[in-house]
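Colleague: Protein chains in written order, with the numbering used here: chain A, 1 to 155; chain B, 1001 to 1155. Glycine included, every Cβ here is placed at the ideal spot set by N, Cα and C. Quick one: structure below, then a few questions.
Protein chains: 2
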Amino acid sequence: MRAAIQDLYPDDFAHCFGCGRHNARGHLMKSFVDGDEVVAHFTPRPEHTALPGFVYGGLIASLIDCHAMATAAAAAERAAGREIGAAEAPRFVTAALDVSFLKPTPIGGELVLRAHVTDRNERKAVITVSLSANDVVTARGNVIAVPMPASMARR
Amino acid sequence: MRAAIQDLYPDDFAHCFGCGRHNARGHLMKSFVDGDEVVAHFTPRPEHTALPGFVYGGLIASLIDCHAMATAAAAAERAAGREIGAAEAPRFVTAALDVSFLKPTPIGGELVLRAHVTDRNERKAVITVSLSANDVVTARGNVIAVPMPASMARR
């Protein structure tokens, strides 16, 4: 049983509303390494509505954002020569997020997110994410992740 | 007492998790015309955390998104020669959203969103949104809004 990337974040930085294991009121999203990609599954709740029948775009943006940060963490571990799970995962934050809503996303089933890193160095990573419902890609995101600045660490 | 733009959306399309008056579990965000701008105030709840002490970026993206749709609706009404509130407000949906997170957004106080339309025609509107905390702009968004397609109308 592999660990979710978010379950490897340090205890002090695992409160994210989207994906923090210490945020019981949050979405508790989990992302897993799958070869060269990172994959997550998430089923919106009925209240996560945009117009009746469709998923709220703000939730879609949120899921893309958190999933991209996990993808950046996995890539940083791999670049450091570690397999994800061998140590705590590094915490990234979002510098910029863009999302294209290609089609309305139907509500009622599971969404699948797939991400990969398109560029990275020590200072940032660029991640592309697709979100699909019923095997149809309905949104794509491009996200710039940067390592959590020391100013955000309130240990 | 002016009406919030979202309170003028048709009853059948007022369920948005971010700003729908018929979604009791949602954020119930409200946007108001203020001269050439549209303004909203929102106080995140404690669980809307990214890292401890800071607002979740997914919430910021969500607020920018809903606020931009309201701004597009107000601009469409104005272009049609009506003051907002004189009729039901037209419903727009998001084609694309980009957000730059300029600084960490501190949690605990009220956020202020200000938006204006930078370009519009019958087919789309482009909206720029700033989000500030304690009078400091911490995020900016650019959003493309399009009129709700008929395929999303499940009246």
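Under 8 Å, CB to CB, which of the residues in the stretch 88-103 of chain A have a partner in chain B?
Modeller: Against chain B - using a Cβ distance shorter than 8 Å - the residues of the stretch 88-103 of chain A are Arg-91, Val-93, Thr-94, Ala-95, Ala-96, Leu-97, Asp-98, Val-99, Ser-100, Phe-101.
Colleague: Taking 8 Å as the cut-off, decide whether the C-beta atoms of Ala-1004/B and Phe-1032/B are in contact.
Modeller: The answer is yes: Cβ separation under 8 Å.
Colleague: Residues of the stretch 1028-1053 of chain B in Cβ contact with chain A at a cutoff of 7 Å, in chain order, please.
Modeller: For the stretch 1028-1053 of chain B, which is checked against every Cβ of chain A, the residues closer than 7 Å are Glu-1047, His-1048, Thr-1049, Ala-1050, Leu-1051, Pro-1052, Gly-1053.
Colleague: Using beta-carbon positions only, say whether Ala-68/A and Val-146/A come within less than 8 Å of one another.
Modeller: It is not a contact, given that the beta carbons lie outside the stated cut-off.
Colleague: Using a 10 Å radius around the Cβ and a threshold of 16 neighbouring Cβ atoms, would you call Pro-1104/B buried or exposed?
Modeller: It is buried - the Cβ of Pro-1104/B has at least 16 other Cβ atoms within 10 Å.
Colleague: Any beta carbon from chain A within less than 8 Å of Arg-1123/B's own beta carbon?
Modeller: Not closer than 8 Å to any Cβ of chain A, the Cβ of Arg-1123/B fails to qualify, so no.
Colleague: Looking at C-alpha atoms only, which residue of Ala-76/A, Val-93/A, Gly-109/A is the closest neighbour of Gly-85/A?
Modeller: Taking only the C-alpha atoms, the option nearest Gly-85/A is Ala-76/A.
Colleague: Please classify Glu-77/A: does DSSP put it in a helix, a strand, or coil?
Modeller: Reduced to three states, the DSSP call for Glu-77/A is helix.
Colleague: Assuming Met-152/A and Leu-1051/B make a contact with CB atoms under 8 Å, what is their CB distance in whole Å?
Modeller: About 5 Å separates the two Cβ atoms, so the contact holds.
Colleague: Consider the Cβ of Ser-62/A: report whether some Cβ of chain B lies at a distance smaller than 8 Å.
Modeller: By this cut-off, Ser-62/A is an interface position.
Colleague: List the whole-angstrom C-beta distance separating His-230/A from Phe-17/A, where the pair is believed to meet the contact cut-off of C-beta under 8 Å.
Modeller: The structure shown does not extend to residue 230/A, since chain A spans only 1 to 155, so no value can be given for it.
Colleague: Secondary structure at His-41/A, three-state DSSP: helix, strand or coil?
Modeller: Strand.
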